[in-house]
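Just so we're aligned, residue 106 is where the sequence shown starts under this note's numbering, counting upward by one.
Here the structure is laid out as structure tokens; the discussion comes afterwards.
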Amino acid sequence: MKREVVSTGKAPKAIGPYSQAIKANGFIFCSGQIPFNSETDEMVTGSITDQTRQVFTNLRNVLDEAGSSLEKVVKVTVFLKNMDDFGEMNEEYARWFKDTPPARAAVEVARLPKDVGIEIQLIALA
């Protein structure tokens, strides 16, 4: 099976020994993205809406680099620092997946990298 590393400067660089995404066997496996804006070199803080928007911007950029798109996403996992943010996150999430939303899980975690409020990973068709 052929594996291809996907990397773009339009999303945060990996902060550990992992790839932004791996393209393999007709799928793209995107590592978790946090709300870091690689254009301004700053973490997006504030509302979970703003953080979620930046995370999806990052993921869209990774998928673009891989030759895919958000329309081809089949599975999303959302990690929230606080499940009380679920409703607000869900409103922004719905703006990115209007017609046929992918399968999804959302879980609360004790802590996320850089103490952000959200991290999202996904799987898409290549």
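Beta carbons are placed, not taken as given, at the ideal position from N, Cα and C, and that holds for glycine.
{"Check": "Is it the case that the stretch 208-225 contacts the stretch 181-197, given that we only count it when at least three CB pairs across the two stretches are under 8 Å?", "Outcome": "yes"}
{"Check": "Suppose you measure from the CA of R108 to the CA of I223; what does that come to, to the nearest Å?", "Outcome": "28 Å"}
{"Check": "Under a Cβ-count criterion, where at least 16 other Cβ atoms within 10 Å of its own Cβ denotes burial, should Y123 be classed as buried or exposed?", "Outcome": "exposed"}
{"Check": "When you compare each of I133, N163 and S152 to D146 by their alpha carbons, which one comes out closest?", "Outcome": "N163"}
{"Check": "Look at the Cβ atom of K177, then the Cβ atom of A229, and state whether they are nearer than 8 Å.", "Outcome": "yes"}
{"Check": "So what's E147 in DSSP terms, helix, strand or just coil?", "Outcome": "strand"}
{"Check": "For V181, which residues from the same chain have a beta carbon less than 6 Å from its beta carbon, with the 5 sequence-adjacent residues on both sides left out?", "Outcome": "P207, R209 and L227"}
{"Check": "With H, G and I counted as helix, E and B as strand and the rest as coil, what does DSSP make of V128?", "Outcome": "Per the sequence shown, residue 128 should be read as Lys rather than Val. Here K128 sits in strand by DSSP."}
{"Check": "Between the alpha carbons of T249 and D169, how many angstroms are there, rounded?", "Outcome": "The requested residue 249 does not occur in the structure, where the chain is confined to residues 106 to 231."}
{"Check": "Grab the span of the beta strand (DSSP E) containing E196 for me, first residue to last.", "Outcome": "Run containing E196: none in the beta strand (DSSP E); it sits in the alpha helix (DSSP H), F191 to W201."}
{"Check": "Whose C-alpha, out of E193, T154, D155 and A171, is nearest the C-alpha of K115?", "Outcome": "A171"}
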